[in-house]
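I have placed the structure first, in the form of structure tokens, so that the comments after it can refer back to it.
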Amino acid sequence: MGKSIAKGKVQHQVAALPFRRTAGGDVSVLLVSSRDTHRPLIPKGWRMKGKSDRKAAAIEAMEEAGVIGKPSKAPIGRYRYWKRLEDCFALVDVDVYSLEVTENLADWPECDERQRKWMSREDAAIIVDEPGLAFILQSFRA
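If you use numbering that gives the first Met the number 0, the sequence shown corresponds to residues 0 to 141, in order.
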């Protein structure tokens, strides 16, 4: 990946937007904290060799947020952000897949490194840093 970043190429990640329906019929979404700065975000990561992007997004949701569910067949949106790496910044496009949560795990790979919080789409859109992600949250319809 280092050479492509050095050449200025846009990198690609996949993300999951975990959601559930409330008893009242509304939709709530799950945000997790980033490991370093504890900023609120959705589970995301680099594409995985040998896995479809939707499957990789589901894996990220399980590892980072401790949820299992069915990812959408196609991305529900894309946003762009600058990722801080060890010695540079990289421009990253993130394809977001919705993930209807069927199971919340009590223990998951990154549970000691992250916090998770269910909230309304509207509240989530207010507290995330990336404007493109905020737009996806505001416009999301399950």
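Here a beta-carbon is modelled for each residue, glycine too, at the ideal position from N, C-alpha and C.
Report the partner residues of residue i according to the DSSP bridge assignment.
i      : result
Pro70  : Leu98
Arg115 : Val31
Ala89  : Lys82
Leu40  : Val31
How is the beta strand (DSSP E) around residue i delimited, first residue to last?
i      : result
Gly65  : Element bounds for Gly65: n/a, residue is neither H nor E.
Pro17  : Gln10 to Arg20
Arg46  : Counting along the chain, Arg46 falls outside any beta strand (DSSP E), and DSSP gives it neither H nor E.
Arg120 : Where Arg120 is concerned, there is no enclosing beta strand (DSSP E), although the alpha helix (DSSP H) it sits in stretches over Arg120 to Ile126.
Gly76  : Gly76 to Arg83
For the alpha helix (DSSP H) that residue i lies in, which residues bound it at each end?
i      : result
Gly131 : Pro130 to Ser138
Do residue j and residue i have their beta-carbon atoms positioned less than 8 Å apart in this structure?
i      : j      : result
Ala22  : Val95  : no
Gly28  : Arg113 : Inspection of the sequence shows that residue 28 is occupied by Val rather than by Gly. No. Outside cutoff.
Trp107 : Met61  : yes
Val9   : Leu90  : yes
His11  : Arg34  : no
Lys69  : Glu99  : yes
*asked:* Under 8 Å: do the stretch 94 to 110 and the stretch 40 to 60 share three or more Cβ pairs, one atom per stretch?
replied: Segments in contact, yes.
At least 3 beta-carbon pairs within less than 8 Å: the stretch 37 to 47 vs the stretch 67 to 80
With the rule of 3 Cβ pairs closer than 8 Å, the stretch 37 to 47 does not count as touching the stretch 67 to 80.
Legend entry - Cβ pair count under 8 Å reaching 3, the stretch 63 to 73 against the stretch 116 to 126: Inter-segment contact for the stretch 63 to 73 and the stretch 116 to 126 is absent: fewer than three beta-carbon pairs are separated by less than 8 Å.
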